[in-house]
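**Student:** The sequence shown begins at 1 in the numbering used here and counts up one residue at a time.
All C-beta atoms in this analysis are idealised placements derived from N, C-alpha and C, irrespective of residue type, glycine included.
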Amino acid sequence: MLPGTLESFWIDSTITTSYPRLAEDVDVDVAVIGGGIAGLCTAWELAASGRSVAVLEADRIVTGVTGYTTAKLSSLHTLTYAKIAKSFGKAAARLYAQSQQSAVERAVALSAELGIDCDLERVPAFTYAESDVGVQQIRDEVDAAHEAGLEASLVTDTGLPFPVAGAIRVENQAQFHPRKYLLGLAEDLTRRGGRIFERTRVVGLDERKPCRVTTEQGHTVVAGDVVVATHYPIFDRALLFARLVPRRELVVAGPISADRDPGGMYITPEENTRSVRTAPYRDGQRLLIVTGEHFTPGTADVTERFERLLAWTADGFPDVEIAYRWATQDNSTTDGVPFVGPLHLGAAHVHVATGFGGWGMSTGIMAGQMLAAAVAGDPVPWAKLYDPRRLHPVREVAPMLKLQAEVARHFVGDRIRSSHVDSVDDIEAGSGAVIRRRGEQCAVYRDENGNVHALSARCTHLGCIVHFNDAERAWECPCHGSRFAPDGSVIQGPANAPLQRKDVDA
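#1: Which of helix, strand or coil does DSSP assign to HIS410?
#2: With which residues is ARG325 paired in a DSSP beta bridge?
#3: On the DSSP letters alone, give me the boundaries of the alpha helix (DSSP H) that ASP143 sits inside.
#4: Which of the three DSSP states is assigned to PHE162 in this structure?
#5: I'd like the span of the beta strand (DSSP E) that includes ARG195, first residue to last.
#6: In terms of DSSP beta bridges, what is ALA454 paired with?
#7: In the DSSP assignment, the beta strand (DSSP E) including MET1 goes from what residue to what residue?
#8: With DSSP collapsed to three states, give me the class of SER257.
#9: I need the DSSP call for ILE15, collapsed to helix, strand or coil.
#10: Measure the alpha-carbon distance for LEU6 versus ALA54 and round it to whole angstroms.
#11: Residues in the same chain with beta-carbon distance under 7 angstroms from ASP330, minus the five sequence neighbours each way, listed in chain order, please.
#12: May I ask you to verify whether the region 56 to 64 touches the region 188 to 201, counting CB pairs closer than 8 angstroms and requiring at least 3?
#13: Evaluate ASN451 with the Cβ neighbour count: other Cβ atoms within 10 Å of its Cβ, from every protein chain shown; 16 or more gives buried, anything less gives exposed.
#14: So VAL226 and HIS349 are in contact, right, with Cβ under 8 angstroms, and what is the actual spacing, rounded?
#15: Grab the span of the alpha helix (DSSP H) containing TRP44 for me, first residue to last.
#16: Would you tell me roughly how many angstroms separate the C-alpha atoms of ARG436 and ALA31, rounded to the nearest one?
#17: Measuring only the C-alpha atoms, how far is LEU114 from ARG179?
#18: If the criterion is Cβ atoms closer than 8 angstroms, does the pair ALA353 and ALA38 meet it?
#19: Would you check if there are 3 or more beta carbon pairs closer than 8 angstroms linking the region 259 to 271 to the region 108 to 128?
#20: Nearest to ILE322 by CA position, among SER332, THR328, ALA311, is which residue?
#21: For the alpha helix (DSSP H) that contains ILE84, what are its first and last residues?
#22: In or out: THR16 buried (at least 16 other Cβ within 10 Å) or exposed?
#23: Let me know if VAL133 comes out buried or exposed under the rule of 16 or more other beta-carbons within 10 Å of its beta-carbon.
#24: Secondary structure at PHE235, three-state DSSP: helix, strand or coil?
#25: What first and last residue would you give for the alpha helix (DSSP H) that runs through GLY360?
#26: Excluding sequence positions up to five away, which residues of its chain have a Cβ less than 7 angstroms from the Cβ of ASN469?
#27: Kindly indicate which three-state DSSP category VAL337 falls into: helix, strand or coil?
#28: In this structure, does DSSP put ARG507 in helix, strand or coil?
#29: Report the three-state DSSP secondary structure of ASP25 (helix, strand or coil).
#30: Does DSSP put ALA347 in a helix, a strand or coil?
#31: From the DSSP output, which residues share a beta bridge with SER99?
#32: Mind checking which residues open and close the alpha helix (DSSP H) that includes ASP188?
#33: Measure how close the beta-carbons of HIS231 and GLY34 come, nearest whole angstrom, since I'm counting them as under 8 angstroms.
#34: Looking at the unbroken alpha helix (DSSP H) that takes in TYR386, where does it start and where does it end?
#35: Have a look at ILE365, GLY184, ALA474, ALA376 and flag the residue whose alpha-carbon is nearest the alpha-carbon of VAL104.
#36: Rounded to a whole number of angstroms, what is the C-alpha to C-alpha distance between GLY432 and THR313?
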């Protein structure tokens with residue numbers, strides 16, 4: 001059995017919110033769909049500028065992707081700057097750096113201004129390599145990041161308990177408790193007249209002016225503008241699913257003494273990604289947070305990957321007793337730059353924020369500033385860089401073709417592939433498998449009490465076959481990253497409807 005509580009430390013260490021469900025039609029200047037970092041930051045910026053705003057969250061705010069982040073607030077995004085400079089030009093890399101660093105400073109300023117105690121600490125960020133091969137990439141990133149305007153330097157000494165061949169160090173970065181920050185922002189948002197509605201799933205959008213957003217309960221929000229900030233857009237009228245690659249990573253965390261704190265935020269693309277940071281913990285200790293083992297949802301033996309991450313953690317930080325484990329998920333765009341701006345070519349009043357590539361803290365805050373400025377008709381200098389309507393065939397055609405080939409492989413191949421489970425009787429307690437019943441694929445889970453829960457195995461987004469995540473006990477779609485609980489309810493989009501329940505012979 002894997003060690004630690006299967007829960008995010010950020011969620012476990014904060015209160016549960018209880019904002020009301022939308023129970024009537026409302027009329028506001030802006031409707032924000034999604035209560036994660038991008039949605040709440042956008043809503044706060046709008047309310048601060050005097051606009052009326054309603055946040056519509058399908059579950060509880062900051063319990064989705066944002067509640068399971070590693071919460072690095074940094075403008076150093078692994079090896080991003082060399083890639084952007086090569087693909088978009090050096091001017092674009094400078095705009096990226098300015099936009100991301102401004103987000104870091106915005107969080108620092110607002111936490112102080114609003115008196116939000118969110119364990120915010122200013123620390124340096126590092127991208128490191130242990131191999132000689134990786135050092136050249138580090139050198140290239142140092143040059144690109146420095147030219148982009150960041151305080152970047154090449155170092156070989158770090159606070160890590162093992163040697164590195166080289167690292168880029170960027171000063172004036174930060175780490176914080178994301179839920180404490182965003183719950184504080186939400187409280188201030190409501191003081192400014194903003195409204196937050198939880199357990200309010202949006203199912204419809206009419207873009208005609210004024211826009212009309214409809215909910216699962218049949219209520220309507222009339223708004224001049226709409227922001228879709230649902231991690232993966234629930235309305236994909238620009239066919240962004242063809243340009244978004246879902247990625248899931250595992251996290252383990254355990255207390256260490258303060259004198260063992262490596263003193264910064266670290267990441268390497270080597271070994272299938274390894275990321276290290278700490279956070280304030282109990283009795284003067286620090287909580288070591290280690291992330292890695294990225295994979296496409298629905299395609300991996302998650303227990304095995306957790307075991308590899310645990311072994312790496314024990315090797316580098318001996319005697320750490322794991323207290324928490326969880327997983328985080330994000331989407332990357334096919335050209336490596338997030339999509340923030342108009343939802344599609346014809347969109348006049350509907351905006352989107354997605355494709356943060358694992359760097360949702362700074363990008364979510366940046367998106368809030370940027371979209372609030374767009375609604376006000378005062379675009380920021382980097383708006384064109386992030387515009388979702390951009391399309392660069394030369395840069396994107398290869399990754400787009402690769403993505404769609406992978407989707408097609410799952411869409412077709414998973415329908416004919418055997419799961420090696422012939423009968424419901426073969427499914428052990430606490431496990432799930434896809435089996436065939438009367439020519440139809442069913443997702444069957446047997447709980448710890450032996451009760452069988454059977455569902456259609458077809459994802460309600462675009463019909464791919466879901467797979468069972470044994471470590472987290474969830475059904476996952478390998479095509480676009482939708483996730484479902486054992487009872488079929490939606491955990492994570494883009495799917496917006498539950499898996500259909502089925503009857504099978506137990």
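**Tutor:** In short:
#1: As a first step, residue 410 is located in the sequence shown; it is residue number 410 there, counting from the start. With a pLDDT of only 46 at HIS410, under 50, the local geometry of the prediction cannot be trusted, and no value is derived from it.
#2: In the sequence shown, the residue the question calls residue 325 occupies position 325. In DSSP, ARG325 forms a bridge with LEU6, VAL252.
#3: Looking up residue 143 in the sequence shown gives position 143. First-last of the alpha helix (DSSP H) with ASP143: 132 to 147.
#4: Along the sequence shown, one-based indexing puts residue 162 at 162. Residue state, collapsed to three classes: coil.
#5: For the purposes of this step, residue 195 is taken as residue 195 along the sequence shown, with counting starting at 1. ARG195 -> beta strand (DSSP E) spans 195 to 197.
#6: Residue 454 sits at position 454 when you count from the first residue of the sequence shown. Per DSSP, VAL444.
#7: Locating residue 1 in the sequence shown gives position 1, where the first residue counts as 1. From DSSP, MET1 is part of no beta strand (DSSP E); its letter is neither H nor E.
#8: What you label residue 257 is simply residue 257 of the sequence shown in a count that begins at 1. DSSP places SER257 in coil when its eight states are reduced to three.
#9: The residue given as residue 15 occupies position 15 in the sequence shown. Coil.
#10: Here residue 6 refers to the residue found at position 6 of the sequence shown. Here residue 54 refers to the residue found at position 54 of the sequence shown. Cα-Cα distance, rounded: 32 angstroms.
#11: Mapped onto the sequence shown, residue 330 falls at position 330. Same-chain partners within the cutoff: VAL65, ARG247, PHE356, GLY357, GLY358, GLY360.
#12: yes
#13: In the sequence shown, counting from the first residue as 1, residue 451 sits at position 451. Exposed, by the Cβ-count rule.
#14: In the sequence shown, the residue the question calls residue 226 occupies position 226. In the sequence shown, the residue the question calls residue 349 occupies position 349. That pair is a contact at about 7 angstroms.
#15: For the purposes of this step, residue 44 is taken as residue 44 along the sequence shown, with counting starting at 1. It spans 37 to 48 - the alpha helix (DSSP H) in which TRP44 sits, taken as one unbroken run.
#16: Taking the sequence shown and counting its residues from 1, one reaches residue 436 at position 436. Taking the sequence shown and counting its residues from 1, one reaches residue 31 at position 31. In a straight line, the C-alpha of ARG436 is about 43 angstroms away from that of ALA31.
#17: Here residue 114 refers to the residue found at position 114 of the sequence shown. Here residue 179 refers to the residue found at position 179 of the sequence shown. Going from the Cα of LEU114 to the Cα of ARG179 covers about 15 angstroms.
#18: Position 353 of the sequence shown, counted from the start, is the residue given in the question as residue 353. Position 38 of the sequence shown, counted from the start, is the residue given in the question as residue 38. Yes, Cβ-Cβ distance for ALA353 and ALA38 is below 8 angstroms.
#19: yes
#20: Translated into positions along the sequence shown, residue 322 becomes position 322. The shortest C-alpha separation from ILE322 is found at ALA311.
#21: The residue you call residue 84 lines up with position 84 of the sequence shown. Run containing ILE84: 80 to 87, per the alpha helix (DSSP H) assignment.
#22: Counted from its first residue, the sequence shown places residue 16 at position 16. The residue in question, THR16, is exposed, as its Cβ has fewer than 16 Cβ neighbours within 10 Å.
#23: Counted from its first residue, the sequence shown places residue 133 at position 133. By the neighbour-count rule (16 or more Cβ atoms within 10 Å), VAL133 is not buried but exposed.
#24: On the sequence shown, residue 235 is found 235 positions in, with the first residue counted as 1. If DSSP states are grouped into helix, strand and coil, PHE235 belongs with coil.
#25: The sequence position of residue 360 within the sequence shown is 360, counting from 1. It spans 360 to 375 - the alpha helix (DSSP H) in which GLY360 sits, taken as one unbroken run.
#26: Within the sequence shown, residue 469 is the residue found at index 469, counting from 1. Within the same chain, ASN469 has close Cβ partners VAL302, GLU476.
#27: As a position in the sequence shown, residue 337 is number 337, starting the count at 1. The answer is coil: DSSP assigns VAL337 none of H, G, I, E or B.
#28: Absent from the structure is residue 507, since the part of the chain shown begins at 1 and ends at 506.
#29: Within the sequence shown, the letter at position 25 stands for residue 25. ASP25: coil per DSSP, three-state reduction.
#30: Here residue 347 corresponds to residue number 347 of the sequence shown, with the count starting at 1. Reduced to three states, the DSSP call for ALA347 is coil.
#31: Counting from one through the sequence shown, the residue named residue 99 turns up at place 99. Partner(s): none; SER99 has no beta bridge.
#32: Numbered from its first residue, the sequence shown carries residue 188 at position 188. Where ASP188 is concerned, the enclosing alpha helix (DSSP H) stretches over 178 to 191.
#33: The sequence position of residue 231 within the sequence shown is 231, counting from 1. The sequence position of residue 34 within the sequence shown is 34, counting from 1. So it is a contact: roughly 7 angstroms between Cβ atoms.
#34: The residue labelled residue 386 in the question sits at position 386 within the sequence shown. Segment 383 to 386, the alpha helix (DSSP H) holding TYR386.
#35: Along the sequence shown, read from residue 1 onward, the residue named residue 104 stands at position 104. Considering only alpha carbons, the answer is ILE365.
#36: The residue labelled residue 432 in the question sits at position 432 within the sequence shown. The residue labelled residue 313 in the question sits at position 313 within the sequence shown. Rounded to the nearest angstrom, the two C-alpha atoms are 29 angstroms apart.
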